[in-house]
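Peer 1: Be aware that the sequence shown starts at 110, since it is given in the working numbering, and climbs by one per residue.
Beta carbons are placed, not taken as given, at the ideal position from N, Cα and C, and that holds for glycine.
So that we are looking at the same thing, I have put the structure below in structure tokens.
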Amino acid sequence: LLRTPQPVAMVSLRCIALAIAARALTCTSEDLASALSEDNECEKGTCSFNALQLKGTESSAYQANITDVMTCCARCGHGFCSPQSGSCHPSKSKPYYKDCSQIAHEASKGCSIHEERIAELWETCASQANRKCGSCGIFNAMTTPGKHGGGCHGVVYVGEKVVPKEPCSGAEGITLANAARFNGVFSCAAQKDHNSPTMAHIMNPWMARTQHHLHVIVKPLDSRGLRLASRLEKVTGCMPGQWHNAHWACHYSKARLYEHMPPVFSEVMDMASTGAMGKLVTNPSGEQTLASVGISVLFICGGKPVVLATGDGHGGCSVEHAMT
Numbered sequence: 110l111l112r113t114p115q116p117v118a119m120v121s122l123r124c125i126a127l128a129i130a131a132r133a134l135t136c137t138s139e140d141l142a143s144a145l146s147e148d149n150e151c152e153k154g155t156c157s158f159n160a161l162q163l164k165g166t167e168s169s170a171y172q173a174n175i176t177d178v179m180t181c182c183a184r185c186g187h188g189f190c191s192p193q194s195g196s197c198h199p200s201k202s203k204p205y206y207k208d209c210s211q212i213a214h215e216a217s218k219g220c221s222i223h224e225e226r227i228a229e230l231w232e233t234c235a236s237q238a239n240r241k242c243g244s245c246g247i248f249n250a251m252t253t254p255g256k257h258g259g260g261c262h263g264v265v266y267v268g269e270k271v272v273p274k275e276p277c278s279g280a281e282g283i284t285l286a287n288a289a290r291f292n293g294v295f296s297c298a299a300q301k302d303h304n305s306p307t308m309a310h311i312m313n314p315w316m317a318r319t320q321h322h323l324h325v326i327v328k329p330l331d332s333r334g335l336r337l338a339s340r341l342e343k344v345t346g347c348m349p350g351q352w353h354n355a356h357w358a359c360h361y362s363k364a365r366l367y368e369h370m371p372p373v374f375s376e377v378m379d380m381a382s383t384g385a386m387g388k389l390v391t392n393p394s395g396e397q398t399l400a401s402v403g404i405s406v407l408f409i410c411g412g413k414p415v416v417l418a419t420g421d422g423h424g425g426c427s428v429e430h431a432m433t
């Protein structure tokens, strides 16, 4: 397993973690409650400040932001850090401020990789190293009485999230070989709200989420989301059958309308494997994955599903907060 090197400033953060986080190294009830009660996926333009690149290499832009956050948290202790300015704050007055106590707590358990703060990037939440991380909250909720309910064959509803029972580490767990096994997740998400034209069904890319287990979020569209739906009607011409450039939100954006709910992961994987979404992230086995791709499904044109694939080539472009 290839491990991602940690910034030097993480040493100071671990010292803080040992001092302020004398807590059990297991997934706590607070972790489960957080996974259920709020999405807290990354705000557009403020995510990926902790994003480490594949196979131990890091982009200079991401590394600068990682250092800022870690250095800031080493000073802030129990406070909050702005990943944009590197300054400390006594409260989370901005949604993108980072909670240094939470970061320290997760680091004390060995959970520090990516925005979600996971221990072993390429392992699922079924692994012992990852299962103790707060970012495996929804995975643990599947087996916790009272924390889940309903779903479809092989798929469970955990609050607003729709998750597969089979362990899968998010978008980076989807490959050409296994995409068909997880197509039911999007289908089940659409069934949850009866294909509502006012709802979004979203999977964020790997650097723009707070939970490590594969999940589709089901949320109401806001006014921007409703405008997006209208835009996609124009982009596709309400004619199913081919992928179109959507020119929306991220560097790469493709939209395709279907008559009926398609096998979403398989369709997007087939399209992305042609290079239409940039160079795809490969896993340690050399397989292309959907790590850098976000997927949204809306219902437009009188109830037809449109699949919107978005990405920046790295995995840090989340559109969740641009439509909900």
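Per the contact definition of three or more C-beta pairs closer than 8 Å, is the segment 266-280 in contact with the segment 322-339?
Peer 2: yes
Peer 1: Within the continuous beta strand (DSSP E) that includes I404, where are the two ends?
Peer 2: Looking up residue 404 in the sequence shown gives position 295. Element bounds for I404: V402 to I409.
Peer 1: Between which two residues does the beta strand (DSSP E) holding A364 run?
Peer 2: Position 255 of the sequence shown, counted from the first residue, corresponds to residue 364. For A364, the uninterrupted beta strand (DSSP E) segment begins and ends at Y361 to L366.
Peer 1: Could you compute how far the alpha carbon of H322 sits from the alpha carbon of N392?
Peer 2: Working through the sequence shown from its first residue, we reach residue 322 at position 213. Working through the sequence shown from its first residue, we reach residue 392 at position 283. Approximately 16 Å, taken between the alpha carbons.
Peer 1: List the endpoints of the continuous beta strand (DSSP E) containing G246.
Peer 2: The sequence position of residue 246 within the sequence shown is 137, counting from 1. Element bounds for G246: not the beta strand (DSSP E) but the alpha helix (DSSP H), G246 to A250.
Peer 1: With H, G and I counted as helix, E and B as strand and the rest as coil, what does DSSP make of K413?
Peer 2: Along the sequence shown, read from residue 1 onward, the residue named residue 413 stands at position 304. Looking at K413 - three-state DSSP - the assignment turns out to be strand.
Peer 1: Taking contact to mean at least 3 C-beta pairs separated by less than 8 Å, is the segment 375-389 in contact with the segment 412-426?
Peer 2: Because the criterion of three Cβ pairs below 8 Å is met, the segment 375-389 and the segment 412-426 touch.
Peer 1: Name, in chain order, the residues that DSSP records as bridge partners for A385.
Peer 2: The residue labelled residue 385 in the question sits at position 276 within the sequence shown. BP columns for A385 point to G387.
Peer 1: Does DSSP put C151 in a helix, in a strand, or in coil?
Peer 2: Taking the first residue of the sequence shown as position 1, residue 151 is located at position 42. With a pLDDT of only 44 at C151, under 50, the local geometry of the prediction cannot be trusted, and the value read off the model is given with reservation. C151 falls in the coil class under three-state DSSP.
Peer 1: What ranges does the alpha helix (DSSP H) occupy inside the segment 181-251, keeping only unbroken runs of at least 4 residues that lie completely in it?
Peer 2: 209-217, 237-240 and 246-250
Peer 1: What do you reckon, are the CB atoms on T398 and T233 nearer than 7 Å?
Peer 2: For this step, residue 398 is matched to residue 289 along the sequence shown. For this step, residue 233 is matched to residue 124 along the sequence shown. Cβ distance not < 7 Å, so T398 and T233 don't count as in contact.
Peer 1: Given a cut-off of 7 Å on the beta-carbon distance, is the pair S375 and A289 in contact?
Peer 2: Indexing the sequence shown from 1 puts residue 375 at position 266. Indexing the sequence shown from 1 puts residue 289 at position 180. A contact, by the Cβ cut-off of 7 Å.
Peer 1: For the beta strand (DSSP E) that contains A309, what are its first and last residues?
Peer 2: Taking the sequence shown and counting its residues from 1, one reaches residue 309 at position 200. Start and end: M308 to M312.
Peer 1: My guess is that E275 and G263 are in contact by the Cβ rule of under 8 Å, so how many angstroms apart are they, rounded?
Peer 2: Residue mapping note: residue 275 aligns to position 166 of the sequence shown, counting from 1. Residue mapping note: residue 263 aligns to position 154 of the sequence shown, counting from 1. About 7 Å; that satisfies the 8 Å criterion.
Peer 1: Exposed or buried, what is M386 when buried is set at 16 or more other beta-carbons lying within 10 Å of its beta-carbon?
Peer 2: Sequence index remark: in the sequence shown, residue 386 carries index 277 (1-based). Label assigned to M386: buried.
Peer 1: Going by DSSP, name the residue or residues bridged to Q320.
Peer 2: For the purposes of this step, residue 320 is identified with residue 211 of the sequence shown, where counting begins at 1. According to DSSP, Q320 bridges with nothing at all.
Peer 1: For the 8 Å Cβ check, are there 3 or more pairs between the segment 347-354 and the segment 244-261?
Peer 2: no
Peer 1: In whole angstroms, give me the CA-to-CA distance for S146 and L341.
Peer 2: Reading the sequence shown from its first residue, position 37 is the one you call residue 146. Reading the sequence shown from its first residue, position 232 is the one you call residue 341. Because the pLDDT at S146 is just 42, under 50, the model does not fix this residue reliably, and the value given afterwards should be weighed accordingly. So the alpha carbons of these two residues sit roughly 31 Å apart.
Peer 1: What are the boundary residues of the alpha helix (DSSP H) that K343 is part of?
Peer 2: Taking the sequence shown and counting its residues from 1, the one referred to as residue 343 is at position 234. That run of the alpha helix (DSSP H) goes S332 to T345.
Peer 1: Specify, as a first and last residue, the run of the beta strand (DSSP E) that K270 falls within.
Peer 2: Residue numbering aside, residue 270 sits at position 161 when the sequence shown is read from its first letter. DSSP places K270 inside the beta strand (DSSP E), whose first and last residues are K270 to P273.
Peer 1: Under the three-state reduction of DSSP, which class applies to V485: helix, strand or coil?
Peer 2: Here the chain has residues from 110 to 433 only, and residue 485 is not among them.
Peer 1: Quick check on the DSSP output: the alpha helix (DSSP H) that includes K301 runs from which residue to which?
Peer 2: Working through the sequence shown from its first residue, we reach residue 301 at position 192. Counting along the chain, the alpha helix (DSSP H) containing K301 begins and ends at A288 to K301.
Peer 1: DSSP has T419 in a bridge; who is on the other side?
Peer 2: Sequence index remark: in the sequence shown, residue 419 carries index 310 (1-based). The partner list for T419 (beta bridge, DSSP) reads S362 and G403.
Peer 1: At the level of alpha carbons, what is the spacing between S278 and P372?
Peer 2: Taking the first residue of the sequence shown as position 1, residue 278 is located at position 169. Taking the first residue of the sequence shown as position 1, residue 372 is located at position 263. Computed Cα separation, rounded: 19 Å.
Peer 1: What does DSSP give as the partner residues of P329 in its beta bridges?
Peer 2: By one-based count along the sequence shown, residue 329 stands at place 220. P329 is bridged to M308.
Peer 1: Could you check whether I247 and Q320 sit closer than 7 Å to each other, using their CB atoms as the reference points?
Peer 2: Locating residue 320 in the sequence shown gives position 211, where the first residue counts as 1. Locating residue 247 in the sequence shown gives position 138, where the first residue counts as 1. For Q320 and I247, yes; Cβs fall inside 7 Å.
Peer 1: Cβ of P192 within 7 Å of Cβ of K207?
Peer 2: The count along the sequence shown starts at 1 and reaches residue 192 at position 83. The count along the sequence shown starts at 1 and reaches residue 207 at position 98. Against a cut-off of 7 Å, the Cβ pair of K207 and P192 comes out as a contact.
Peer 1: Reducing DSSP to helix, strand and coil, say where G282 ends up.
Peer 2: Taking the first residue of the sequence shown as 1, we reach residue 282 at position 173. DSSP places G282 in helix when its eight states are reduced to three.
Peer 1: Within 10 angstroms of the Cβ of S296, are there 16 or more other Cβ atoms? Answer buried if so, exposed if not.
Peer 2: One-based indexing of the sequence shown puts residue 296 at position 187. That one is buried.
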